[in-house]
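Q: In full-length UniProt numbering, the protein residues as written are 1 to 501.
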Amino acid sequence: MPLGQSLTPEHLQSADPAGVVLVVDQDDNRPLDPRTAADRAMRTLEAIRLLDELPQACRLWVARPGEHVDPTVDALRGVLRTAAYECPKVAASLVEFSDSTQPAALARTLLHDGPPIECAWQGTGFSVLRLVPGAPETTVTSPPEALVRPDGSYLISGGLGGLGLLTAAWLVGKGAGRILLLGRSLPSAEARAKVEELRKAGADVEVIQGDIGVAGIAEKAVRKAMSARLPLRGVFHCAGQLHDATIARIERPILDTTWRGKAEGAWALHRATTGHELDHWVLFSSVASLLGSPGQAVHAAANAWLDGLAAWRRAQGLPATSVQWGAWSQVGAGQGMAERGVAMISPTEGVDALERILGAGYPLVAYSPIDLAQWTAPYPGAARSALFARQLGDRQGKDSGSSLPRALRESASDAERQVLLEDHITDCVREILGGTSLRITPRTSLVTLGLDSLNAVRLRVMLENSLGMSIDGGILWTKPTAAGLTDWIMHRMGYREEQPA
Ligand SMILES: NC(=O)c1ccc[n+]([C@@H]2O[C@H](COP(=O)([O-])OP(=O)(O)OC[C@H]3O[C@@H](n4cnc5c(N)ncnc54)[C@H](OP(=O)(O)O)[C@@H]3O)[C@@H](O)[C@H]2O)c1
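#1: Within the same chain, show all residues whose beta-carbon is closer than 6 Å to that of A302, passing over the 5 residues directly before and after it, in chain order.
#2: Whose CA, out of V457, W121, Q391, S466, lies closest to the CA of residue 579?
#3: Can you give me the start and stop residues for the alpha helix (DSSP H) that P34 sits inside?
#4: Would you mind sorting E410 into buried or exposed? The rule is 16 or more other CB atoms within 10 Å of its CB.
#5: Tell me whether D28 sits in a helix, a strand or coil according to DSSP, three-state version.
#6: Taking the alpha-carbon positions, what's the G397 to A389 distance?
#7: Compute every distance between the C-beta of I48 and the non-hydrogen atoms of ligand 1, then say whether any falls below 7 Å.
#8: Got a sec: does ligand 1 put a non-hydrogen atom nearer than 7 Å to the Cβ of F236?
#9: Just to confirm, does S100 get its C-beta within under 7 Å of one of the non-hydrogen atoms of ligand 1?
#10: Could you have a look at E10 and say whether DSSP puts it in helix, strand or coil?
#11: Would DSSP call C119 helix, strand or coil?
#12: In chain order, what residues have a CB nearer than 6 Å to some heavy atom of ligand 1?
#13: What runs of the beta strand (DSSP E), each 3 residues or longer, lie entirely inside the region 262-344?
#14: Using a threshold of 8 Å, state whether the C-beta atoms of A92 and A84 are closer than that.
#15: Closest by CA to C119, which one among R443, Q316, I432, S98?
#16: Is DSSP giving Q418 helix, strand or coil here?
#17: Out of curiosity, what's the CA-to-CA distance linking A366 and P133?
#18: Got a sec? Which residues, its chain only, sit under 7 Å from A37 by beta carbon, not counting five neighbours each side?
#19: Roughly how many angstroms separate the alpha carbons of G210 and I217, rounded to a whole number?
#20: What does the alpha-carbon distance come out to for the pair T402 and M469?
#21: How many Å lie between P88 and L131 at the Cα?
#22: Going straight from the alpha carbon of S346 to that of A327, what length do you get?
#23: Have a look at the DSSP bridge pairing and note the partners of L155.
#24: Could you have a look at residue 519 and say whether DSSP puts it in helix, strand or coil?
#25: Quick check on the DSSP output: the beta strand (DSSP E) that includes E206 runs from which residue to which?
#26: With DSSP collapsed to three states, give me the class of P253.
#27: Give the DSSP bridge partners of S93, in chain order.
#28: Where T8 and E251 are concerned, what is the direct C-alpha to C-alpha distance, given to the nearest angstrom?
#29: Find out if the Cβ-Cβ distance for the pair Q418, T486 is shorter than 8 Å.
#30: Thinking C-beta only, is D244 closer than 8 Å to L459?
#31: Hey, could you find the ends of the alpha helix (DSSP H) G162 is sitting in?
#32: Based on Cα-Cα distance, which residue from L51, T348, W325 lies nearest to S368?
#33: How is the alpha helix (DSSP H) around L408 delimited, first residue to last?
#34: Helix, strand or coil for G397? Go by DSSP, reduced to three states.
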């Protein structure tokens with residue numbers, strides 16, 4: 001069905017399908033309208049949610065005709081890549097095809113039964129997208145003559161945040177003529193002190209308030225940036241507001257808030273800077289767009305839209321660089337990732353990387369020291385995705401190899417099975433909570449232990465993997481104890497009647 005329409009439970013009731021194909025049809029081809037992209041991302045999220053709730057496996061495909069650069073499709077990649085972690089059963093995948101693609105070949109692709117895949121038919125050629133780490137091989141345009149100019153002005157949206165201020169300090173260090181920092185709120189005491197420090201170093205730094213996604217603000221910021229009559233030479237789009245939510249919980253307002261700062265802000269900056277001779281037009285994207293990120297489907301999608309916009313600008317001969325950053329330590333919104341064991345970018349290393357990326361003129365770069373095997377370890381569905389096959393090996397069919405189903409089959413009684421399952425669930429919860437030493441009994445509420453929606457996704461994925469069966473997402477909330485879940489699982493496995501909640 002066309003992605004312009006919503007998939008509803010009624011569609012599924014009447015057809016009982018093994019798969020659903022959402023087609024980005026011609027009417028959807030308004031790539032540069034970030035609102036269209038937001039609508040399509042929301043519909044795709046809703047479709048994934050619906051399919052994930054079905055008792056049987058039902059695969060989702062997004063099918064996309066045409067080969068032109070389309071940020072809407074890039075945004076959908078961010079959604080699909082995150083679904084691989086949270087809703088592996090749906091195996092959300094993307095296929096691109098052209099007028100010359102044979103319908104039979106396309107049909108064969110849609111019958112593919114493996115892990116999530118992003119693939120393309122170009123004529124008779126078929127390719128699968130794979131992540132290959134290493135230095136980028138090519139630059140698309142020659143880098144600017146001067147990296148930073150004393151007779152140029154620079155605009156930083158989100159300029160009072162962690163990375164915005166670091167970028168400002170870097171520009172000042174390189175001798176930028178004037179810098180305009182834009183944010184919605186008044187600067188914090190810390191940001192004020194940093195701005196003062198830059199001014200004391202002789203820099204011309206001005207701060208203005210405004211929402212970059214609101215009509216007229218980007219134009220105002222450009223005017224203010226150039227008020228010392230220095231031409232605008234660089235734009236750094238650092239505005240963004242992180243709002244974590246699992247796919248099961250994403251509502252439209254969450255998506256809209258993220259979209260406003262990121263995608264609509266970038267689009268407003270594109271329009272407001274048209275006609276200016278810029279050296280740099282830089283988008284602070286996230287590695288979430290490339291790898292997907294559990295609990296951050298909207299963030300991944302909005303950043304992926306930025307990546308697509310950078311590609312589109314390059315195709316128009318305009319400067320653009322999108323950097324898919326990993327998490328930074330010490331400053332900014334990503335510091336908490338250190339607690340999740342993620343390797344971090346230090347401010348010195350990150351600023352140095354920014355300079356090298358801009359100096360080389362790369363259009364799109366992911367910069368992240370992340371250990372992919374560690375990152376995907378709790379999410380076998382994502383680890384199996386075709387995107388990661390080069391790095392993690394082909395894990396298709398390589399499930400946990402858990403011996404639990406067998407042990408349950410061979411147990412002498414339901415009482416024995418109950419103990420096995422309760423212990424297993426408790427071990428999983430303990431691992432998710434970072435090896436907590438808290439006492440967990442079969443009747444301890446997992447919610448009071450700190451089971452949030454992201455941890456619930458992890459628990460569900462762990463149980464599905466070790467038991468080789470599908471677990472209803474909602475059951476973790478209606479039976480949030482090891483005993484309650486054990487009861488439900490044993491019933492589903494046909495061992496005994498389910499007890500009322
Ligand atoms: N830090 C990281 O580890 C990391 C990693 C990957 C990607 N990134 C991306 O890099 C960018 C900067 O990150 P950060 O760590 O510096 O985040 P941050 O410290 O939270 O700064 C973001 C700034 O953007 C401003 N902002 C948000 N929405 C805005 C809007 N609609 N209009 C104008 N300003 C807005 C915020 O201020 P107000 O709320 O006052 O407007 C805030 O000062 C973000 O886009 C982020 O997604 C960061």
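We put the CB at the ideal spot given by N, CA and C, even for glycine.
A: Reading it off the structure:
#1: T258, W259, K262, A263
#2: Any property of residue 579 remains undetermined from this structure, which presents the chain solely from 1 to 501.
#3: 34-52
#4: exposed
#5: Here D28 scores only 49 on pLDDT, less than 50, and its place in the model should not be relied on; the value that follows carries that caveat. Three-state DSSP puts D28 in a helix.
#6: In this prediction, G397 has a pLDDT of 49, which is less than 50 and means its spatial position is unreliable; what the coordinates show is noted afterwards. Using only the alpha carbons, I get a separation of about 13 Å.
#7: no
#8: no
#9: no
#10: helix
#11: strand
#12: S157, G158, L160, G161, G162, L163, G164, L182, G183, R184, S185, D211, I212, G213, C238, A239, G240, Q241, R260, G261, G265, F284, S286, W325, A327, W328, G332, A333, G334
#13: 280-286, 321-325
#14: yes
#15: S98
#16: helix
#17: 9 Å
#18: P71, T72, A75, A263, W305
#19: 6 Å
#20: Strictly speaking, residue 402 in this sequence is Ser, with Thr absent from that position. Whole-angstrom Cα-Cα distance: 12 Å.
#21: 19 Å
#22: 9 Å
#23: L180, V235
#24: Residue coverage of the chain in this structure runs from 1 to 501, which leaves residue 519 outside it and unanswerable.
#25: 205-209
#26: helix
#27: W61
#28: 16 Å
#29: yes
#30: no
#31: 162-173
#32: W325
#33: 404-410
#34: Reliability fails at G397, whose pLDDT of 49 lies under 50, so the model's placement of it is uncertain and the value that follows must be treated cautiously. DSSP places G397 in coil when its eight states are reduced to three.
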